[in-house]
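Under my numbering, read the sequence shown as residues 115 to 448, first letter to last. The beta-carbon is built from N, C-alpha and C at its ideal position, and this holds for glycine as well. Shown next, in structure tokens, is the structure this report addresses.
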Amino acid sequence: MRQLGAKRRLFLAHVIKQNIKFRNWRLIGPWVLDSDNKIRYDFDIFYIVHEYTVKMELDLPIFEPGWVWLAGAGPGDPGLLSLHALNGLRQADVVVHDALVSPEVLSLVRPGAVLRHAGKRGGKPSPKQRDISALLVTLAREGKRVLRLKGGDPLVFGRGGEEARSLVAAGIPFRIIPGISSGVGALAYAGIPTTDRYTNSSVTFLTGYGVGGGIAEDIDWDGLARSGAALVIFMAMSRIDQIADRLIKGGRSPQEPVAVICKATTPEQRVVETTLANAHRDVTAARLEPPALIVVGEVVRLRAALDWYGALTEGKVLDPDPLGVDSHAAASLA
Ligand SMILES: C[S@@+](CC[C@H](N)C(=O)[O-])C[C@H]1O[C@@H](n2cnc3c(N)ncnc32)[C@H](O)[C@@H]1O
């Protein structure tokens, strides 16, 4: 039970009534105010209050029938969802989601909405990209509010651009809602800065996945090896041996630090720290499961200072100066 002041209750009731009338809101189930001015705090009420706070206070958009919202769900932790994505989940009639969208995020969908899985599942047949695009068009033409929800950010190795182009070709109105890419979120939860002025002033996102099953051949591996950029490599765990080989041949030190972050931002997150020379051996021994990201670069050393998640969950003791140059003092004084 949750106590609302009489004034606030009247105002809330007014707002809800006005919005039902003028903005075509849909009320899900009954809501009850009892004689003590207590409002029953069940999911229905939560939904109304959500509508009130999100739509009125933040003025987030109404999801119109026949529209597709192409949204990123972040790397897993539902707390990393954007308010726009939550607003989409609360209004959508159908959520077409990838395998990487966590169950916790999907549980935020409004009651009665349909969940449709459309993504790659290891070892099982996956729907073809053109079938997914066609499904989005069909559902929108049926007048549904369609939330296309993808893991991380929809436009980072997510084929969101292809799906959006299909919508353009079919004349379907759409909106794109960015998400926190695992390329940034996984690093933050592993305690690795994406950039740090003491280690790397650039970062490169790349895929380890090549069309023929090996590593991507259209990537200039020697150029990457020569650059001082930290590398964040998606879809690469099963090719870590070939990638490490190419980078070492291109000039990176075999001792260059590597972190492999799997199931980042979920309760099953695991991180293996290793080097380019030992990456394959250590990752195989750790029996990590996908999804996983590989991070290559000196910046990985900062994990010894910044692994807040390890400190929180395992009581890890943090070292304020893992670079050995008292850079933390420099950083705090700068
Ligand atoms: C098809 S890509 C999608 C990337 C996604 N659009 C993003 O921005 O994070 C899938 C790859 O993203 C990475 N990935 C996604 N979620 C992850 C997570 N929670 N932990 C580690 N890696 C993740 C893995 O490399 C995985 O193979």
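Separation of residue j from residue i, as counted between CA atoms
i	j	result
residue 436	residue 214	33 Å
residue 352	residue 385	16 Å
residue 222	residue 311	39 Å
residue 407	residue 396	15 Å
residue 209	residue 184	10 Å
residue 364	residue 404	27 Å
residue 226	residue 316	46 Å
residue 217	residue 354	29 Å
residue 297	residue 268	12 Å
residue 342	residue 358	15 Å
residue 374	residue 409	6 Å
residue 318	residue 211	27 Å
residue 174	residue 340	45 Å
residue 366	residue 291	37 Å
residue 265	residue 412	27 Å
residue 427	residue 229	32 Å
residue 249	residue 277	10 Å
residue 275	residue 305	30 Å
residue 233	residue 197	23 Å
residue 181	residue 172	21 Å
Where residue i falls: helix, strand or coil (DSSP)
i	result
residue 264	strand
residue 201	helix
residue 454	Nothing can be reported for residue 454, as the shown portion of the chain is limited to 115 through 448.
residue 273	coil
residue 308	coil
residue 416	helix
residue 371	strand
residue 384	strand
residue 347	strand
residue 325	coil
residue 398	helix
residue 223	coil
residue 301	helix
residue 431	coil
residue 281	helix
Extent of the continuous beta strand (DSSP E) run through residue i
i	result
residue 184	182-186
First and last residue of the uninterrupted alpha helix (DSSP H) at residue i
i	result
residue 218	217-220
residue 406	Run containing residue 406: none in the alpha helix (DSSP H); it sits in the beta strand (DSSP E), 406-410.
residue 428	422-428
residue 340	335-340
residue 247	243-255
residue 355	354-364
Cross-strand partners of residue i (DSSP beta bridge)
i	result
residue 288	182
residue 230	210
residue 389	371
residue 437	None; residue 437 has no bridge partner.
residue 318	345
Inset, instruction - Could you name the residues whose beta carbon sits closer than 7 Å to any heavy atom belonging to ligand 1, keeping them in chain order? - result: 186, 189, 190, 214, 264, 265, 266, 267, 268, 270, 271, 272, 293, 295, 296, 297, 300, 348, 349, 350, 375, 376, 377, 378, 379, 380, 404, 405, 406, 407
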